[in-house]
Amino acid sequence: MSDLSVKIAGVEFKNPVIPASGVFGYGREYEEFYPLSKLGGISTKGTTGQKRNGNLSPRIAETPMGMLNSVGLQNPGIDKFISDELPNLMQKDTVIIANIAGSTPEECAEVATKLDNTDVHMIELNISCPNVKQGGAAFGVSCEGAASVTSIVRKATKKPLIVKLSPNVTDIASIAKAVEAEGADALSLINTILGMRIDINTGRPVLKNNCGGLSGPAVFPIAVRMVWQTANAVSIPVIGMGGISSGADAVEMMMAGASAVQVGAAVITNPYAPINIIDEMNDILDKKGIKSVKDIIGSVVPW
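First residue of the sequence shown? That's 0 in numbering that gives the first Met the number 0, and the numbers climb one at a time after it.
Okay, structure coming up:
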């Protein structure tokens, strides 16, 4: 068997496959299917300073080769996460990544400060949230906004900090470099792509929030492109995600420059998807005679 272990920002992962934030909750339901210790890590449901009830339904809809969602960061708040969910997660013999978000840089920093006093292994900062102090534009759509929120969160925690980038931008590499300059230890991308569908019978959007985030196989080529551009622009590790549903997809994403991968929409249609991807990656590497998955990171040879 190939060596599937990787290291990101000083943290050792037994394999590079991580269920993405939002699809896996806190792992309790999926533990009925397999031990969570089989996973490289878990990125938890996005956590904010206070409890959020999320958006009104309908907030999830299928699309060809993917899904739209506008859940709205429903979560119990950071204090409940730390008291009720984190102790259980920390017993699972896998890397726990706490995904955090907020409506202001200060809220993000407050959440990070509270996590700094826990045993969580890493923090993943979602910068696709609207900054209410700056008119509602997402932190991550400008270099200035992304740099600003990264800087304040970096000062709030000593934990390894992953910054999750928005794909709804014109120049992902510039934003990645701005975030790296403010102290990010790693990057994860892509978050969902803004999309919309309309029910032609009712004349209304299929989501109550009108628009939502598109994920699933339809976005995979965009994600590969953005990971490749980002990995070639920064010197910190990149975690790739966006439409990964097979071991071949994961290998391709790592060839583009990802040091690990996150699996999102595939988990919703098949709870065993992360486990299948780990097994399929190992089979691919064995057939190619590759001893370590680290050898494929960034191995693509552009024309």
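Each residue gets a CB set at the ideal place from its N, CA and C atoms; glycine is no exception. None of the values given here were measured: they were computed from a predicted structure.
If you check the CB distance, A185 and W227 do not come in under 7 Å. Annotation: K91 to V140 spans about 35 Å, alpha carbon to alpha carbon. By the beta-carbon neighbour count (other beta carbons within 10 angstroms, threshold 16), P34 is exposed. DSSP links D2 through a beta bridge to S291.
In the structure shown, the three-state DSSP call for A8 is coil. With 16 or more other CB atoms across the displayed protein chains lying within 10 angstroms of its CB, V178 is buried. Sixteen is the threshold: since fewer than 16 other Cβ atoms of the shown chains lie within 10 Å of the Cβ of D170, the residue is exposed.
Here L85 is not bridged, per DSSP, to any residue.
Runs of the alpha helix (DSSP H) spanning 4 or more residues and lying entirely within the segment 110-136 do not occur at all.
In the structure shown, E61 adopts extended strand secondary structure according to DSSP, grouped into three states. Distance from the CA atom of S1 to the CA atom of E109, rounded to whole angstroms, is 41 Å. The criterion of a C-beta distance shorter than 7 Å is satisfied by P75 and K50.
Within 10 angstroms of the beta-carbon of D248 lie 16 or more other beta-carbons, which makes it buried.
Inter-segment contact for the segment 226-244 and the segment 257-264 is present: three or more beta-carbon pairs are separated by less than 8 Å. Beyond the five residues adjoining it in sequence on each side, S4 comes within less than 6 Å, by CB distance, of K13 in the same chain, given in chain order.
Beta-bridge annotation (DSSP): I41 is paired with I95. T93 and E11 have their C-alpha atoms spaced approximately 9 Å apart. Between the alpha carbons of M195 and P216 lies a gap of roughly 17 Å. DSSP places I238 in the uninterrupted beta strand (DSSP E) bounded by 237-240.
K163 sits buried, since 16 or more C-beta atoms from the chains shown fall within 10 Å of its C-beta. In this structure, the beta-carbon distance from P18 to P273 falls below 7 Å.
A185: member of the beta strand (DSSP E) spanning 185-188, first to last residue.
Within the same chain, and ignoring the five residues on either side of K207 in sequence, the residues whose Cβ sits closer than 8 Å to its Cβ are N54, L55, S56, P57, R58, S69.
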